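Residue numbers for the sequence shown follow the working numbering, so the first one is 8 and each next one is one higher.
The C-beta atom is built at its ideal place from N, Cα and C for all residues, glycine as well.
Computed from a predicted structure; not experimentally measured.
What follows is a short report on a single structure.
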Amino acid sequence: MPDKPSHFNGGRVLGDLNDLRGIGAYKTGVHKPTFSEPHMRSLQWLAQRLPEAGLSAEIDGIGNVIGASTRSGPKLLAGSHLESQNYAGWLDGPLGVVYALEAARVINADSSTNGAVEVAAWCDEEGHFGSFLGSRSYVGALTEDDIDAARDRSSGRTMRDALREAGLAGRPRARAEPGRHIGYLEAHIEQGQTLESGELKIGVVTSIVGIWQYRVTFSGEQNHAGTTRMSARKDAGVALARLCVAVDDRFPASCGPRTVWTTGRIVLDPGAPSIIPGRAEMLFQIRDDDPDVIVRLETLLRDLAAEAATHGRCTVAVERLRTGAPALMNAAFQQAIEAASAVFAGGRSVRMPSGAGHDAQVLATIMPAGMLFVPSIGGVSHHWSENTDDADIVTGAEVFVDACRRLLAR
Numbered sequence: 008m009p010d011k012p013s014h015f016n017g018g019r020v021l022g023d024l025n026d027l028r029g030i031g032a033y034k035t036g037v038h039k040p041t042f043s044e045p046h047m048r049s050l051q052w053l054a055q056r057l058p059e060a061g062l063s064a065e066i067d068g069i070g071n072v073i074g075a076s077t078r079s080g081p082k083l084l085a086g087s088h089l090e091s092q093n094y095a096g097w098l099d100g101p102l103g104v105v106y107a108l109e110a111a112r113v114i115n116a117d118s119s120t121n122g123a124v125e126v127a128a129w130c131d132e133e134g135h136f137g138s139f140l141g142s143r144s145y146v147g148a149l150t151e152d153d154i155d156a157a158r159d160r161s162s163g164r165t166m167r168d169a170l171r172e173a174g175l176a177g178r179p180r181a182r183a184e185p186g187r188h189i190g191y192l193e194a195h196i197e198q199g200q201t202l203e204s205g206e207l208k209i210g211v212v213t214s215i216v217g218i219w220q221y222r223v224t225f226s227g228e229q230n231h232a233g234t235t236r237m238s239a240r241k242d243a244g245v246a247l248a249r250l251c252v253a254v255d256d257r258f259p260a261s262c263g264p265r266t267v268w269t270t271g272r273i274v275l276d277p278g279a280p281s282i283i284p285g286r287a288e289m290l291f292q293i294r295d296d297d298p299d300v301i302v303r304l305e306t307l308l309r310d311l312a313a314e315a316a317t318h319g320r321c322t323v324a325v326e327r328l329r330t331g332a333p334a335l336m337n338a339a340f341q342q343a344i345e346a347a348s349a350v351f352a353g354g355r356s357v358r359m360p361s362g363a364g365h366d367a368q369v370l371a372t373i374m375p376a377g378m379l380f381v382p383s384i385g386g387v388s389h390h391w392s393e394n395t396d397d398a399d400i401v402t403g404a405e406v407f408v409d410a411c412r413r414l415l416a417r
């Protein structure tokens, strides 16, 4: 086996991750919604450790943590996020932040290396208040109006209130400095089974899917469930159910090889067993890395919704809530990860797309970007049982540090 990167410490990586796991612990995972007390403590944890890597520490006005270097030479930005989904896993996000921190510790202390690794923890990648609000703010794609409109999806609390309660109101938002970084590198658990099932150690991400999200609302007629004849009903809930079935029946003929779709929430109003629903709402999401496929499926969704509404004598509105362009990962970044994997993971890597969204796709709009995956046990994520073997975590960290070194040496 080759020597480990100079000053690299796998035990320190595992220790950092377990420190973060202890903040907001829930069963074997964590519960750290954006701007919650555990989330804010995690941001402070990182800010306190950045000076160990020769970096300044700033928590900006949107909740991003930015660690900057004064070293001369090229600078590589690396990171991920520290909040979690509700009652979810301990590695989704923190793995990438800790890898970035370890890379900065190792590389920034090495006088033979030109340049530096800078570290970022982006706020609200998990979308409690929106979509990628922290990284979008950094690249200049988030307006003050967007912040005014943002609401916590669980409680309805405004983002302005959340920022004030977190002590962040009035702070400036950090913005990317044009030309400062040679690019952005992010590590993440795979959140799938490709690596584990193939007995592979590293995923070299080629692209990140685009995500389109919709609210579909059926309006019928609320009425008494016992006295209204079936032939006279305008049941919004039945119309919505017809749409769900039609989507699964008709989408496969129009989708791409990696298209996925999900109905993530259904609400019937008023939601009582003795009342015919007068209103029914669903949140629906489509993911693919081909925009043409998404356009085709959106048209089909609208057609199927209209058919379900007509059949149920209801009206329907299909509202597009979110669009996310797919992002290609930079070829040179893919090569650096692959070369590092050849040395530290025995070449057990594979090039693969990401079916999940990540901050890297936002950073890719303004600079070259790359992503590295490590295996997920059982492919489980967004659940408190999410896990990765310690040995795979350490191997991934070694590959990440070496990839950073290679990118700075280009």
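> Roughly how many angstroms separate the alpha carbons of ARG320 and ALA246, rounded to a whole number?
Replying inline: 8 Å
>> Per the DSSP calculation, ARG358 is bridged to which residue(s)?
In response: VAL211
> What first and last residue would you give for the alpha helix (DSSP H) that runs through HIS46?
Replying inline: 44 to 56
> Short check: CB of LEU53 to CB of VAL72, under 7 Å?
Replying inline: yes
> Taking the C-alpha atoms as reference points, what is the distance between ASP99 and ASP409?
Replying inline: 22 Å
>> What would DSSP say about LEU192, mapped onto helix, strand or coil?
In response: strand
> Closest by CA to MET378, which one among LEU192, LYS39, LYS241 and ARG158?
Replying inline: LEU192
> What residue does the alpha helix (DSSP H) around VAL245 start on, and which one ends it?
Replying inline: 243 to 257
>> Would you call the segment 36 to 45 in contact with the segment 385 to 401, where contact means no fewer than 3 C-beta pairs closer than 8 Å?
In response: yes
> Is the distance from the Cβ of GLN198 to the Cβ of ALA398 below 7 Å?
Replying inline: no
> Is the segment 305 to 312 touching the segment 355 to 372, taking contact as three or more C-beta pairs under 8 Å?
Replying inline: no
>> Please state the DSSP three-state secondary structure of ASN71.
In response: coil
>> In the DSSP assignment, the alpha helix (DSSP H) including GLN229 goes from what residue to what residue?
In response: Here GLN229 belongs to no alpha helix (DSSP H), and DSSP marks it neither H nor E.
> In three-state terms, what does DSSP make of VAL406?
Replying inline: helix
>> Could you check whether GLY86 and VAL126 sit closer than 7 Å to each other, using their CB atoms as the reference points?
In response: yes
> Among all the DSSP beta bridges, which residues are the ones paired with PHE291?
Replying inline: TYR221 and THR270
> Hey, quick one: how far does the beta strand (DSSP E) through MET378 stretch, first residue to last?
Replying inline: 376 to 381
>> Tell me the residue span of the beta strand (DSSP E) that contains LEU84.
In response: 82 to 87
>> In the DSSP assignment, the beta strand (DSSP E) including ARG329 goes from what residue to what residue?
In response: 322 to 329
>> Taking 6 Å as the limit between beta carbons, can you name the residues of its chain near ALA334, skipping five residues before and five after?
In response: ILE215, GLN368 and ALA371
> Should PRO45 be labelled buried (16 or more other beta-carbon atoms within 10 Å of its own) or exposed?
Replying inline: buried
> Among GLN51, PHE351 and ILE66, which has the Cα closest to the Cα of TYR145?
Replying inline: ILE66
> Thinking C-beta only, is PHE15 closer than 7 Å to VAL113?
Replying inline: yes
>> Can you tell me where the alpha helix (DSSP H) holding GLU206 begins and where it ends?
In response: Segment: none, GLU206 is in no alpha helix (DSSP H) and carries neither H nor E.
>> With a threshold of 7 Å between beta-carbons, can THR266 be considered close to chain B, or not?
In response: Included in the structure is just one protein chain, with no chain B present.
> Hey, out of GLU206, LEU21, LYS82 and LEU89, whose CA is closest to ARG48's CA?
Replying inline: LEU89
> How would you call GLU184, buried or exposed, if buried means at least 16 neighbouring beta carbons within 10 angstroms?
Replying inline: exposed
> The alpha helix (DSSP H) with ALA107 in it runs from where to where?
Replying inline: 101 to 115
> Are there three or more Cβ pairs, one per stretch, closer than 8 Å when the segment 154 to 172 is compared with the segment 121 to 136?
Replying inline: yes
> Do SER238 and ARG286 have their C-beta atoms within less than 7 Å of each other?
Replying inline: no
> CYS411: which of PHE340, ILE69 and LEU50 sits nearest, CA to CA?
Replying inline: PHE340
> Hey, how far is the Cα of HIS365 from the Cα of ALA95?
Replying inline: 17 Å
> What's the C-alpha gap between ILE293 and LEU202?
Replying inline: 24 Å
> Going by alpha carbons, who is nearest to LEU50 out of LEU84, TRP129, THR270 and LEU21?
Replying inline: TRP129
> If you draw a straight line from the alpha carbon of GLY22 to that of ALA107, how long is it in whole angstroms?
Replying inline: 14 Å
> For the alpha helix (DSSP H) that VAL20 lies in, which residues bound it at each end?
Replying inline: 17 to 28
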